[in-house]
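Everything on this sheet refers to the single structure shown next.
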Amino acid sequence: MFYQPLFAMAGGLLVAGFLYGFSKRNGKVRPAYLLLGGIGASAGFSAVMLIMASDMENSSYQLVARWLAGNIWGTSWHQVKALIPYLIILIPLLLTKAPVLDLLLLGEEASTALGIKVERERRTLLMVAVALAASCIAVSGGIGFIGLVAPHMARRFVGARHRALLPAAMLLGSLLLLLADTMGRALFQPVELPVGIVISVLAAPYFLFLLRRQV
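So the sequence shown is residues 1 to 215, counted in our numbering.
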């Protein structure tokens with residue numbers, strides 16, 4: 001159980017490293033290549049998981065399907081304890097990068113002029129983000145919309161400075177997860193909807209609203 005997040009981080013960092021190298025053109029990372037490569041890798045790994053799941057017994061397949069949908073039902077304190085060592089290391093490391101994140105908002109040229117080694121900081125932040133996401137997904141499955149919506153909501157409350165934005169996004173994401181899990185358990189009894197499905201239903205309209213405002 002303790003090594004489950006570790007293996008997840010190793011796999012996530014391996015894929016992220018491959019995609020980072022794939023997206024570099026003339027020494028610079030192209031966001032479009034990184035995004036499209038991530039979509040392709042996600043589709044490929046999803047297909048592999050479905051092929052592997054097709055040979056499982058029905059009970060095992062149901063467990064895998066709920067995990068893929070995003071589910072914290074059945075998560076034990078042993079899994080929480082397995083996550084704690086990684087979070088103790090990664091979250092403070094991320095918080096120390098708050099000033100760097102603020103400067104990166106100014107653009108690559110301005111950040112370089114202010115003494116920021118942009119490529120090195122991007123690689124470090126990418127590794128920290130992948131490690132945090134992979135370790136949590138190993139326990140709960142894919143609950144993706146929280147990572148998209150919570151930072152935007154937190155920015156409305158605390159502004160764009162990352163020293164306040166990062167903790168606020170973590171707290172707000174936790175509250176959204178708790179709310180969605182409670183709704184999934186209480187509103188559709190005796191059926192319990194996976195929290196990932198409830199989060200998608202709640203967050204998708206807000207995410208589309210944000211996109212509409214920025215267009």
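The beta carbon of each residue, even a glycine, is placed where N, CA and C say it ideally should be. As the structure is a computational prediction, the values presented were derived from the model and not from experiment.
Can you tell me the Cα-Cα spacing of residue i and residue j, whole angstroms?
i, j, result
"Leu177", "Leu171", "10 Å"
"Thr124", "Leu93", "10 Å"
"Met183", "Ile143", "15 Å"
"Ala129", "Val191", "34 Å"
"Leu114", "Leu105", "12 Å"
"Arg185", "Val64", "19 Å"
"Asp55", "Pro85", "35 Å"
"Gly196", "Leu179", "12 Å"
"Phe207", "Ala169", "15 Å"
Is the distance from the Cβ of residue i to the Cβ of residue j below 8 Å?
i, j, result
"Asn71", "Gly147", "no"
"Ala203", "Phe157", "no"
"Leu90", "Ala131", "yes"
"Asp102", "His152", "no"
"Val149", "Glu121", "no"
"Leu126", "Ala16", "yes"
"Ala218", "Ala138", "For the chain, the structure presents residues 1 to 215; residue 218 sits outside this window and is missing."
"Ala69", "Pro5", "no"
"Ala110", "Leu166", "no"
"Leu14", "Ser23", "no"
Exposed or buried, residue i, counting other C-beta atoms within 10 Å across all chains shown (16 or more means buried)?
i, result
"Asp181", "buried"
"Arg227", "This structure gives no information on residue 227, because the portion of the chain shown stretches from 1 to 215."
"Gly27", "exposed"
"Ala32", "exposed"
"Ile220", "Outside the displayed span of the chain (1 to 215) sits residue 220, for which this structure offers no information."
"Pro194", "buried"
"Gly40", "exposed"
Check the DSSP bridge columns for residue i and list the partner residues they point to.
i, result
"Lys117", "None; Lys117 has no bridge partner."
"Lys81", "Beta-bridge pairing links Lys81 to no other residue."
"Val29", "Lys24"
Under the assumption that residue i contacts residue j (Cβ atoms under 8 Å), give the Cβ distance between them as a whole number of angstroms.
i, j, result
"Leu19", "Gly37", "4 Å"
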